[in-house]
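Colleague: What follows is a single structure, and I will ask about it in a moment.
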Amino acid sequence: MRVYNFSAGPAMMPIEVLESAQAELLDWKGGMSVMEVSHRGGDFVACAAETEALLREIMSIPSNYTVLFLQGGAYGQFAVVPLNLTAPGDSVDFVLTGSWSDKALAEARKFDLTCNVVADEKASGYTRAPDAGSFAATPGAAYLHYTPNETIGGVEFGYIPETGNVPLVADLSSTILSRPIDVSKFGVIFAGTQKNMGPAGMAVVIVRDDLLDRARTDTPSVWNYKLMAEHDSMLNTPPTFSIYLLGKILEWVKTQGGLEGMAGRNRLKAETLYSFIDASSFYSNPVEPASRSWMNVPFLMTNPDLNKQFVADAAQAGLTNLAGHRSVGGMRASIYNAMPIEGVQALIAFMKDFERTHG
Ligand code: PMP
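In short: position in the sequence shown from 1, add 3, done, that's this note's numbering.
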């Protein structure tokens, strides 16, 4: 029996995608699964090329950007970005809005760089994104890093920061493909795949071509953007199953109306859940309304002693993985692209029921 899985990632995938992969599992293109074919063979090379082409089409990626499929997840990119974009002694900018921007900064600090924190929302308990125009990139900085959607805190930027000539680096892990985005505003976009793009095991990286040539000479080959671009991300064996599944996810996104379709669906889910929480005196969401995430909805109860029971009873009712991140507690409903509105409605019905019994 399928449940509504509210995990922050690895996350729920569309049933159509799973069924399609299941149908091809034993025989993809000639008596074996996609996991068993050579990545150098024509079938897989075509599969990877089609996946990239679909991503370019769906995200309207301009032609002066390179798409890479790399290993090491989004966390890997926290170190890979400085390796590729800086020289020793450079300065780099960070906007801190929660755990993931914090972790990215910690990785950058391992390098011989001057790390400037140009905005820090710690004083708010990481419950808001900084106001547009309230911070500026440092002149001459190698890049400015920010996290458009903080997966743990459920804090999302409602705008793209203006950084002038300083390349903007975005960790789009938990919001990529959730709505249209103007790729031309970014120097580098990266995202782990295990939320809106399929199974874990890969980071999708989108790099503006003029930034491909800045890597330090000691950058590991498999993480050198230019070298990987020259080898179509296949300098070594790529995560073939993740690439194949991403292709299927992208086909599904297309049948749902592309990113406009995703945006409509995601806005409705988020508005439905936040409206219910805001109207309740039993549940609350700590994030400032203008910074609320469409993808990750943390919520609290007035009596935190009930949290464990809530999570356990919800799981019994087929609503799984609702515990908040261990670092913040409470509850969190991650409602990525694959979560249908019916899942959100079922969650709200359960929350009403739980309040009736325990309120
Ligand atoms: N950045 C964000 C915003 C994330 O949500 C995550 C994972 N939850 C990461 C980075 C780390 O990604 P990975 O586990 O793919 O390395």
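Glycine is no exception: its CB is placed at the ideal position from the N, C-alpha and C atoms. Predicted model, so just to flag it, every value in this text is computed and none were measured.
Could you pull the start and end residues of the beta strand (DSSP E) that L108 belongs to?
Modeller: Here the question's residue 108 lines up with position 105 in the sequence shown. Counting along the chain, L108 falls outside any beta strand (DSSP E), though it belongs to the alpha helix (DSSP H) covering S102 to A111.
Colleague: In terms of residue numbering, what span does the beta strand (DSSP E) encompassing L57 cover?
Modeller: For the purposes of this step, residue 57 is identified with residue 54 of the sequence shown, where counting begins at 1. Taken as a continuous stretch (DSSP letters only), L57 belongs to no beta strand (DSSP E), being part of the alpha helix (DSSP H) at G45 to M62.
Colleague: May I have a chain-ordered list of the alpha helix (DSSP H) segments no shorter than 4 residues that lie completely inside the region 237 to 266?
Modeller: As far as the region 237 to 266 is concerned, its whole alpha helix (DSSP H) runs of at least 4 residues are 243 to 258.
Colleague: Check P292 in the structure and name its three-state DSSP category.
Modeller: For the purposes of this step, residue 292 is taken as residue 289 along the sequence shown, with counting starting at 1. Note: P292 maps to helix in three-state DSSP.
Colleague: Classify M16 as buried or exposed, calling it buried when 16 or more other Cβ atoms lie within 10 Å of its own Cβ.
Modeller: Translated into the one-based positions of the sequence shown, residue 16 becomes position 13. Buried: at least 16 other Cβ atoms inside 10 Å.
Colleague: Are the region 275 to 293 and the region 191 to 204 in contact at 8 angstroms, needing three or more beta carbon pairs?
Modeller: Too few Cβ pairs lie closer than 8 angstroms, so no.
Colleague: Going by Cα to Cα distance, which pick from K106, S177 and G136 is closest to M298?
Modeller: Residue mapping note: residue 298 aligns to position 295 of the sequence shown, counting from 1. It is S177 whose Cα lies nearest to the Cα of M298.
Colleague: With DSSP as the reference, identify every bridge partner of E159, one or two as the case may be.
Modeller: Reading the sequence shown from its first residue, position 156 is the one you call residue 159. The partner list for E159 (beta bridge, DSSP) reads N152.
Colleague: Could you tell me the alpha carbon to alpha carbon distance between W103 and L180, rounded to whole angstroms?
Modeller: Taking the first residue of the sequence shown as 1, we reach residue 103 at position 100. Taking the first residue of the sequence shown as 1, we reach residue 180 at position 177. If you take the alpha carbons of W103 and L180, they lie about 19 angstroms apart.
Colleague: Between which two residues does the alpha helix (DSSP H) harbouring A90 extend?
Modeller: As a position in the sequence shown, residue 90 is number 87, starting the count at 1. Taken as a continuous stretch (DSSP letters only), A90 belongs to no alpha helix (DSSP H), as it is neither H nor E.
Colleague: Please return the same chain residues whose Cβ sits closer than 7 angstroms to the Cβ of S236, not counting the five positions on each side in sequence.
Modeller: Indexing the sequence shown from 1 puts residue 236 at position 233. Once the five neighbours on either side are set aside, the close Cβ partners of S236 are L71, F72 and L73.
Colleague: Comparing C-alpha positions only, which one of K251, V158 and E358 sits nearest to N306?
Modeller: Stepping through the sequence shown from its first residue, residue 306 is reached at position 303. For the residues K251, V158 and E358, the minimum Cα distance to N306 belongs to E358.
Colleague: Any idea which residues DSSP pairs L28 with across the strands?
Modeller: Position 25 of the sequence shown, counted from the first residue, corresponds to residue 28. According to DSSP, which records beta bridges pairwise, L28 is partnered with nothing at all.
Colleague: Rounding to the nearest angstrom, what Cα-Cα distance links T89 and G346 in this structure?
Modeller: Sequence index remark: in the sequence shown, residue 89 carries index 86 (1-based). Sequence index remark: in the sequence shown, residue 346 carries index 343 (1-based). So the two alpha carbons sit approximately 44 angstroms from each other.
Colleague: So what does T323 bridge to, in DSSP terms?
Modeller: In the sequence shown, residue 323 corresponds to position 320, counting from 1. Paired residues: N8.
Colleague: Please name the residue or residues paired with V208 in a DSSP beta bridge.
Modeller: Looking up residue 208 in the sequence shown gives position 205. Answer by DSSP bridge pairing, in chain order: L71 and F193.
Colleague: Quick one: is the Cβ of Y149 within less than 8 angstroms of any heavy atom of ligand 1?
Modeller: Numbered from its first residue, the sequence shown carries residue 149 at position 146. No, since every heavy atom of ligand 1 falls outside the 8 angstroms radius drawn around the Cβ of Y149.
Colleague: Kindly list the residues whose CB is nearer than 8 angstroms to the CB of L57, restricted to its own chain and excluding five residues on each side of it in sequence; keep chain order.
Modeller: Translated into positions along the sequence shown, residue 57 becomes position 54. Excluding sequence neighbours, L57 sits near G250, L253, E254 and K257.
Colleague: Closer than 8 angstroms is the cut-off here; do at least three beta carbon pairs connect the region 128 to 139 with the region 314 to 321?
Modeller: Cβ pair count under 8 angstroms is below three, so no.
Colleague: Just confirm the distance between the C-beta atoms of G156 and G101, as a whole number of angstroms; I'd bet it's less than 8 angstroms.
Modeller: Residue mapping note: residue 156 aligns to position 153 of the sequence shown, counting from 1. Residue mapping note: residue 101 aligns to position 98 of the sequence shown, counting from 1. About 4 angstroms separates the two Cβ atoms, so the contact holds.
Colleague: Does the distance from the CB of V6 to the CB of T323 come in under 9 angstroms?
Modeller: Within the sequence shown, the letter at position 3 stands for residue 6. Within the sequence shown, the letter at position 320 stands for residue 323. Against a cut-off of 9 angstroms, the Cβ pair of T323 and V6 comes out as a contact.
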